[in-house]
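Chains as they are written, first to last, in the numbering used here: chain A, 1 to 339; chain B, 1001 to 1339.
Glycine included, every Cβ here is placed at the ideal spot set by N, Cα and C.
Quick caveat: nothing in here was measured; it's all calculated off a predicted structure.
Number of protein chains: 2
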Amino acid sequence: MPIENVYNNINLKKVAEKAGVSIATVSRVINNSPSVNPQTRARIQKIIKDLNYSPNRVAKRLRNRNVSSKLLGVLIPDIQNPFYVEVLRGIEDVAYLHEYALIVCNFSQDEVKEKMYLDLMRSESVDGLITAPTSEEDQQVIELARSGLPMVCVDRDLVGIDVDSVLVDNRKGAYLAVDYLAKKGYTRIAYISGIPKIPSSRDREKGYRDALRDNHIPFKESLVKYGDSRHESGVKLCAELLDLEQPPDAIFAGNNLITLGALETIHTRGLKIPEEIAVVGFDDMYWSISLNPPLTAVRQPAYNIGKCAAEQLISRIDSPGRPTSQMILKTELMVRNSC
Amino acid sequence: MPIENVYNNINLKKVAEKAGVSIATVSRVINNSPSVNPQTRARIQKIIKDLNYSPNRVAKRLRNRNVSSKLLGVLIPDIQNPFYVEVLRGIEDVAYLHEYALIVCNFSQDEVKEKMYLDLMRSESVDGLITAPTSEEDQQVIELARSGLPMVCVDRDLVGIDVDSVLVDNRKGAYLAVDYLAKKGYTRIAYISGIPKIPSSRDREKGYRDALRDNHIPFKESLVKYGDSRHESGVKLCAELLDLEQPPDAIFAGNNLITLGALETIHTRGLKIPEEIAVVGFDDMYWSISLNPPLTAVRQPAYNIGKCAAEQLISRIDSPGRPTSQMILKTELMVRNSC
DNA sequence: TTGAAAGCGCTAACAT
DNA sequence: ATGTTAGCGCTTTCAA
């Protein structure tokens, strides 16, 4: 079904005609090429302004398949997760500063969508990509990285290929949380995990186990539940834990959405936090203080993750040869009243 | 600084060579043109698969400036606001269903950024745009709409031009909230407004005033505070209200971020909700039940807003001549324990 | 300092 | 059923 794209019909040619010069000269003005007569330049600039002309980025990208076109792709696993929103904000700010535009896609942890959007990124000729792969073995992402597209992984790394990444110390963060619970005297500490094939989920479980071991608390299979990193999963798995014959006295929730789900279940059942059940979440939110009760949580520097990732990516685009780097940012336990 | 775009170098020509046909034939296969020999088609399809070829969308868009290129733009005022995230999810689902890709930009309520991204949308040749203008008189958006780009406004409408829009009944929603407070016996009801030049802020104030009037409560200038729709604004303005010589006994917060900010201030001061101060928010969040206390709030059907907007937009792209429509969705008061 | 022209990958009108 | 070719808007090499 054809549509009338009558808008944006001002192009180089029109500007050139009006200025009585060739399109090459106009192009030079736009790209700040030094070899243009200052008077010609001024005249053309005025016309550009008058006509409200802005260059067609699509044509530019097509032409410059070997030159930066100032476009970055961001592929987000779950836009409903405030953690990724915060990461995105960090990316945005840096991109804006360097005059890069962003094309953002959210694949909602759906690998089919992920593949579709990965193809999209490639076929939109983005200069580089920031993403959080679904797993360390994410073939789609690995392939794209192999093909030479500048890429930075956040939150999750890739195996079998050397790629820039910005991660956090998940194991340590989880340790902090669970150790704190143990020291407070809780002994039946449960862990609600996100998708187990995501490395961060496994790292957090490692930290959980480390802390149990160091505090001489035996690991209990029944106190670990695996879900899918979403709110609903937190609701359901928390209910399963509470229904256990020997329910936990504390819950360590694998991410912020799981935490919110667990809180919902606990509140629905009218249980008192932390008297009847303690809660520590992974991922702090700026409104965690307004939760009931103010939530103790492991804080990831989400904004900074995005900021670093964007800086790494732009620096790689500028100098493709530079060695890859892996940044691991620190996590921190924000102690409040939920345990 | 040049980069090596060595990736994605498979194009029509390569596929055509390998298949021993012309690029036109390959193009026909890709676009499901009927006039292709079934055997040729099968052979070409196999090669496409083997080579992992996907058509270059950039070239396609450049070529088809008068044909849909299956790309929609979404311009979000504040990605940190869960309301817009939910709207975005509605848009995404519909777009995905109709095989449209999305280019999402967030302008963080910054008009300079807004203009930049509006230009970007135009120069990326999107088929259509969904946005929430900064005001009814948003010249940038009006101009773009005038130029003929299919557009749907969400949350906020435009004056002086007939454009599709999906709104909610803000006035009624606010009325519901304030009326409920009044009937509960609160008499010093404050309103913390978002940016006043956004129509929804003003409509909510109208609803607030309507409810006061109908409940014979005199309107007090001092109990209305204007801010900028963000968390920090809620923190600050709530503090100002509490510092009043005659502080309010209830607060109606203009949006979800303001509500969270107000809650933060109230909790920091150790005030009891609702005994010492009641709170009703505009915008429900799925985790409102986990707030302290579970929050009473006006619910907007955010996901549906996005869904309807995307459907309207796609339908307009398909039939540009159809009359514009304005949808107004219902709001609803979710009663919990904060008043 | 400026212009002419090739070509990025694709589609569609026209030709065969 | 298939091929040839113009041209979308732009940058850049080469020539003037």
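Please list the terminal residues of the continuous beta strand (DSSP E) segment that includes residue i.
i                  : result
Ala1253 of chain B : Ala1250 to Ala1253
Ser69 of chain A   : Unbroken run through Ser69 of chain A: none, as it is neither H nor E.
Gly261 of chain A  : From DSSP, Gly261 of chain A is part of no beta strand (DSSP E) but of the alpha helix (DSSP H) over Asn256 to Thr268.
Gln986 of chain B  : Residue coverage of chain B in this structure runs from 1001 to 1339, which leaves residue 986 of chain B outside it and unanswerable.
Ile189 of chain A  : Ile189 to Ser193
Thr1025 of chain B : Where Thr1025 of chain B is concerned, there is no enclosing beta strand (DSSP E), although the alpha helix (DSSP H) it sits in stretches over Ile1023 to Ile1030.
Ile1171 of chain B : Correcting the residue type first, residue 1171 of chain B is Arg in the shown sequence and not Ile. First-last for Arg1171 of chain B: Asn1170 to Lys1183, but that is the alpha helix (DSSP H), not the beta strand (DSSP E).
Glu17 of chain A   : No beta strand (DSSP E) contains Glu17 of chain A, which is instead part of the alpha helix (DSSP H) from Leu12 to Ala19.
Arg299 of chain A  : Thr296 to Arg299
Ile217 of chain A  : Element bounds for Ile217 of chain A: n/a, residue is neither H nor E.
Gly1281 of chain B : Ala1278 to Phe1282
Leu941 of chain B  : One cannot answer for residue 941 of chain B here, as it falls past the ends of chain B, which runs 1001 to 1339.
Leu333 of chain A  : Glu332 to Met334
Out of the options, point me to the one whose CA is closest to residue i's CA.
i                  : options                                       : result
Ile47 of chain A   : A:Ser27, A:Ser69, A:Lys60 and A:Ala19         : A:Ala19
Gln1139 of chain B : B:Val1159, B:Thr1265 and B:Asp1127            : B:Val1159
Asp1093 of chain B : B:Gly1306, B:Leu1118 and B:Cys1339            : B:Gly1306
Lys1206 of chain B : B:Leu1181, B:Tyr1175 and B:Ile1192            : B:Tyr1175
Ser147 of chain A  : A:Ile103, A:Ala95, A:Ser123 and A:Ala24       : A:Ser123
Glu1245 of chain B : B:Arg1188, B:Ala1262 and B:Arg1204            : B:Arg1188
Asp1352 of chain B : B:Lys1113, B:Ser1108, B:Met1151 and B:Gln1109 : Any property of residue 1352 of chain B remains undetermined from this structure, which presents chain B solely from 1001 to 1339.
Ile23 of chain A   : A:Asn9, A:Ile44 and A:Leu51                   : A:Ile44
Pro1199 of chain B : B:Asp1169, B:Tyr1186 and B:Asp1214            : B:Asp1169
Cys1153 of chain B : B:Gln1326, B:Ser1290 and B:Met1334            : B:Gln1326
Glu302 of chain A  : A:Leu88, A:Ile195, A:Pro323 and A:Thr259      : Reading the sequence as shown, one finds Ala at residue 302 of chain A and not Glu. Closest option to Ala302 of chain A, Cα to Cα, is A:Leu88.
Asp228 of chain A  : A:Leu167, A:Glu264 and A:Pro196               : A:Pro196
Asn1056 of chain B : B:Thr1268, B:Leu1012 and B:Glu1099            : B:Leu1012
Lys330 of chain A  : A:Met121, A:Leu167, A:Asp157 and A:Leu313     : A:Leu167
Asp164 of chain A  : A:Ile251, A:Ala145 and A:Val67                : A:Ala145
Ile103 of chain A  : A:Ser69, A:Trp287 and A:Gly270                : A:Ser69
Ser1349 of chain B : B:Tyr1100, B:Thr1131, B:Gly1090 and B:Ala1101 : Within the shown structure, residues of chain B are numbered from 1001 to 1339, placing residue 1349 of chain B beyond reach of any answer.
Ser1054 of chain B : B:Asn1031, B:Gly1073 and B:Leu1075            : B:Asn1031
Glu221 of chain A  : A:Glu332, A:Arg209, A:Arg230 and A:Glu111     : A:Arg209
Thr1324 of chain B : B:Lys1184, B:Ala1309 and B:Glu1332            : B:Ala1309
Ala1182 of chain B : B:Ile1251, B:Asp1284, B:Glu1311 and B:Leu1051 : B:Ile1251
Asp1050 of chain B : B:Leu1333, B:Arg1028, B:Val1015 and B:Ser1027 : B:Val1015
Leu333 of chain A  : A:Gln312, A:Met285, A:Arg322 and A:Ile266     : A:Met285
Asn1304 of chain B : B:Asp1119, B:Gly1090 and B:Leu1120            : B:Gly1090
Tyr186 of chain A  : A:Met121, A:Ile192, A:Asn215 and A:Ser27      : A:Asn215
Under DSSP, the alpha helix (DSSP H) around residue i begins and ends at which residues?
i                  : result
Lys225 of chain A  : No alpha helix (DSSP H) contains Lys225 of chain A, which is instead part of the beta strand (DSSP E) from Val224 to Tyr226.
Asp1214 of chain B : Pro1199 to Asp1214
Arg1316 of chain B : Ala1302 to Asp1318
Leu1244 of chain B : Where Leu1244 of chain B is concerned, there is no enclosing alpha helix (DSSP H), given that its DSSP letter is neither H nor E.
Leu1158 of chain B : Counting along the chain, Leu1158 of chain B falls outside any alpha helix (DSSP H), and DSSP gives it neither H nor E.
State yes or no: is the C-beta of residue i nearer than 7 Å to some heavy atom of the ligand MG?
i                  : result
Lys1206 of chain B : This structure lacks the ligand MG; in fact it carries no ligand of any kind.
Item to check | At least three beta-carbon pairs within less than 8 Å, the region 1129-1141 of chain B to the region 1287-1296 of chain B | outcome: Under the 8 Å Cβ criterion, the region 1129-1141 of chain B does not count as touching the region 1287-1296 of chain B, having fewer than three qualifying pairs.
Item to check | Contiguous beta strand (DSSP E) assignments of at least 3 residues, all confined to the region 1081-1148 of chain B | outcome: Along the region 1081-1148 of chain B, the beta strand (DSSP E) occurs as fully enclosed runs of 3 or more residues at 1101-1106 and 1128-1131, listed in sequence order.
Checklist entry - How do the region 1075-1088 of chain B and the region 1253-1267 of chain B stand: do at least 3 beta-carbon pairs fall below 8 Å, yes or no? => result Contact between the region 1075-1088 of chain B and the region 1253-1267 of chain B is present: 3 or more CB-CB pairs across the two stretches fall below 8 Å.
Checklist entry - the region 1065-1080 of chain B: which residues have C-beta closer than 7 Å to a C-beta of chain A, in chain order? => result The residues in question are Arg1065, Asn1066, Val1067, Ser1068, Ile1079 and Gln1080.
Checklist entry - Using a beta-carbon distance cut-off of less than 7 Å, what residues from the region 1231-1262 of chain B approach chain A? => result Of all residues in the region 1231-1262 of chain B, His1231 and Leu1260 have a Cβ within less than 7 Å of some Cβ in chain A.
Checklist entry - Counting Cβ pairs closer than 8 Å, one from the region 234-242 of chain A and one from the region 55-65 of chain A, do we hit at least three? => result At 8 Å Cβ cutoff, the stretches do not touch.
Checklist entry - At a cut of 8 Å, does the region 1279-1288 of chain B reach the region 1171-1191 of chain B through at least three beta carbon pairs? => result Yes: at least three Cβ pairs fall under 8 Å.
Checklist entry - Do the region 94-107 of chain A and the region 34-49 of chain A touch if we need at least three Cβ pairs shorter than 8 Å? => result No: fewer than three Cβ pairs fall under 8 Å.
Next on the checklist: What are the residues in the region 285-297 of chain A lying within 8 Å of chain B by C-beta distance?
Outcome noted: Along the region 285-297 of chain A, going in chain order, the ones with a CB nearer than 8 Å to a CB of chain B are Tyr286, Trp287, Ile289, Ser290, Leu291, Asn292, Pro293 and Pro294.
Checklist entry - At a cut of 8 Å, does the region 311-323 of chain A reach the region 260-278 of chain A through at least three beta carbon pairs? => result Touching, no.
Checklist entry - Contact between the region 1194-1204 of chain B and the region 1166-1174 of chain B: three or more CB pairs below 8 Å? => result Yes, since at least three Cβ pairs between the region 1194-1204 of chain B and the region 1166-1174 of chain B fall closer than 8 Å, the two stretches touch.
Checklist entry - Which residues, in chain order, does the region 261-280 of chain A contribute to contact with chain B at a C-beta distance below 8 Å? => result Listed in sequence order: Leu263, Glu264, His267 and Thr268.
Item to check | Cβ-based contacts, 9 Å cut-off: residues of the region 114-135 of chain A near chain B | outcome: Taking 9 Å as the Cβ-Cβ cut-off against chain B, the residues of the region 114-135 of chain A that qualify are Met116, Tyr117, Asp119, Leu120, Arg122, Ser123, Glu124, Ser125, Asp127 and Gly128.
Checklist entry - Can we say the region 1285-1294 of chain B touches the region 284-293 of chain A, given the rule of at least three CB pairs closer than 8 Å? => result Yes, the region 1285-1294 of chain B touches the region 284-293 of chain A.
Next on the checklist: Tell me which residues of the region 38-59 of chain A have at least one Cβ-Cβ distance to chain B shorter than 8 Å, keeping chain order.
Outcome noted: Answer set for the region 38-59 of chain A: Ser54, Pro55, Asn56, Arg57, Val58 and Ala59.
Checklist entry - Of the residues that make up the region 1143-1167 of chain B, which ones have a beta carbon closer than 8 Å to any beta carbon in chain A? => result Residues of the region 1143-1167 of chain B with a Cβ closer than 8 Å to any Cβ of chain A, in chain order: Leu1144, Ser1147, Gly1148, Leu1149 and Pro1150.
Next on the checklist: Residues of the region 100-114 of chain A in Cβ contact with chain B at a cutoff of 9 Å, in chain order, please.
Outcome noted: Listed by position along the chain: Ala101, Leu102, Ile103, Val104, Cys105, Asn106, Ser108 and Lys113.
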